[in-house]
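K.L.:
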Amino acid sequence: MTLQEGRPRTIDDASPQSGAPVRSRRGGSWIRVAVRTLVDIVLVVWAAATLTFLAVKLIPGDPLDKLMAGIQDVTPAMRAAVAAQYGLDQPVFVQYVTYLAGVARGDLGVSYQRGVPVTEILWSELGPTVELTTWAMVVAVAASVVLALATSGRRPFARVLAQGFELIAVSTPSFWLGIVLMTVFSFGLRWVPAFGGTGPASLVLPVVTLAVPLVGVLTQVLRERMEHTLHEPFVTTLRARGLSESEVRSRHVLRHASLPALTLSSVIVGSLLSGTAVIETLFSRPGIGRLAVDALQDRDIPLVMGVVIFAAFVFILLNTAVDLLYPLIDPRLRKAS
């Protein structure tokens, strides 16, 4: 071993002379992320499809009864023809393998009740759900940041008031909260419509109903991390440089404290897709959530499974997006990677 080989690695070794190896490592990192994301998508979609398939098969009753409901004088030949059309005459294992093969090709089957491809139905109902969840998340994040900035490390009275609100917000059922808001602001004051999915005014009550529990959770996480970060040495340095308290909190402490909240937000956005089932049904809005409720009532198995697989796919994509955002928010993670 020569002196050059035994010399400890320094920062100068990494740049600029070693630019090619650095680019190579970055390229390898992106390939690893892509491969890991692809494996996660395959495993999660397979698990979601398998569990949902088993669950719908365990529901009592024959799907053919729902398909033939309302038809007079149903003959055995008619039932056999319909069963053959949808593959219900095949053994359960054959149905399972056939469905998984279709999912691998991007084919989620044909709705029993609507007679059109499930993917086509999901795309047609996606817009209202994305609109509702996006606004609910924007309102929840904005309110949580304001509350956390106003109460972290502040006077105990304001902190106790905020904690009381968060406790009530987290423990209040969304269905009950929606009914209360509807009774007061729609039927009583007549400020906003109670039902329907047209116009910005129709979004107010569903967005508030969906956002209130999220505000409680996000504010607790943000405030706890901000109060922890306020005792870090770099905060003392920033104050010594003459930065005001509001600048220290909003420009530096909030950014460091946002990583746990960002992780939690990815889980929350995934859960919002299931939460919209209650909100869209209560306020008679179109969307994926209400579609899932109707599909369960009608035993529309391909549509139910399509909604679950779609939600799992979105959940994985959101988690991957959050992983990619970490280095952009915290420079320390960028250097480590």
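Using full-length UniProt numbering, the first residue of the sequence shown is number 1, and each one after it goes up by one.
Ideal placement from N, C-alpha and C gives every residue a C-beta, glycine not left out.
Note that this is a predicted model, so its numbers are computed, not measured.
So, using beta-carbon positions, are Leu88 and Pro63 closer together than 8 Å?
P.N.:
Contact: yes.
K.L.:
Verify whether the separation of the beta carbon atoms of Glu232 and Ser152 is less than 8 Å.
P.N.:
Against a cut-off of 8 Å, the Cβ pair of Ser152 and Glu232 comes out as no contact.
K.L.:
If we count Cβ pairs, one from each stretch, closer than 8 Å, do we get three or more for the stretch 242 to 260 versus the stretch 172 to 183?
P.N.:
Counting Cβ pairs under 8 Å, fewer than three are found: no touch.
K.L.:
Which partner residues does Val110 have in the DSSP bridge list?
P.N.:
Its beta-bridge partners are Pro117.
K.L.:
Using the beta-carbon count (16 or more within 10 Å), is Gly109 buried or exposed?
P.N.:
Result: buried.
K.L.:
Closer than 8 Å, CB to CB, is His231 near chain C or not?
P.N.:
Annotation note: the requested chain C is absent from the structure, which comprises a single protein chain.
K.L.:
What's the C-alpha gap between Lys42 and Val304?
P.N.:
The sequence given here has Val at residue 42, not Lys. One C-alpha to the other measures close to 19 Å.
K.L.:
For Phe195, count neighbouring C-beta atoms within 10 Å of its own C-beta (all shown protein chains included) and say buried if the count is 16 or more, exposed if not.
P.N.:
With fewer than 16 other Cβ atoms within 10 Å, it is exposed.
K.L.:
CB-CB under 8 Å to Phe187, same chain, minus the five flanking residues each way: which ones, in chain order?
P.N.:
Same-chain partners within the cutoff: Ala194.
K.L.:
Consult DSSP for Glu224 and reduce its assignment to one of helix, strand or coil.
P.N.:
Helix, per DSSP.
K.L.:
Going by beta carbon distance, what residues of the same chain come within less than 6 Å of Thr320, once the five residues before and after it are set aside?
P.N.:
These residues qualify, in order along the chain: Thr37.
K.L.:
So, helix, strand or coil for Asp294, using DSSP?
P.N.:
Here Asp294 sits in helix by DSSP.
K.L.:
In angstroms with no decimal places, state the Cα-to-Cα distance between Pro260 and Val33.
P.N.:
Distance between the alpha carbons of Pro260 and Val33 is about 21 Å.
K.L.:
Cutting at 8 Å between CB atoms, please list the residues of its own chain near Ala201, excluding the five before and the five after it.
P.N.:
The answer, listed in chain order, is Val192, Pro193.
K.L.:
Mapping the DSSP letters down to three states, classify Ala321 as helix, strand or coil.
P.N.:
Residue state, collapsed to three classes: helix.
K.L.:
Near Lys57, which residues of its chain fall below 7 Å by C-beta distance, leaving aside the five closest residues on each side in sequence?
P.N.:
Within the same chain, Lys57 has close Cβ partners Val92.
K.L.:
Can you tell me where the alpha helix (DSSP H) with Ala69 in it begins and where it stops?
P.N.:
Element bounds for Ala69: n/a, residue is neither H nor E.
K.L.:
Measuring straight from C-alpha to C-alpha, what distance separates Ser258 and Val82?
P.N.:
Approximately 54 Å between the Cα atoms of the pair.
K.L.:
Where does Thr52 fall in DSSP's three states?
P.N.:
Helix.
K.L.:
Drop a sphere of 10 angstroms on the beta-carbon of Val160, count the other beta-carbons inside from all chains shown, and report buried for 16 or more, exposed for fewer.
P.N.:
With fewer than 16 other Cβ atoms within 10 Å, it is exposed.
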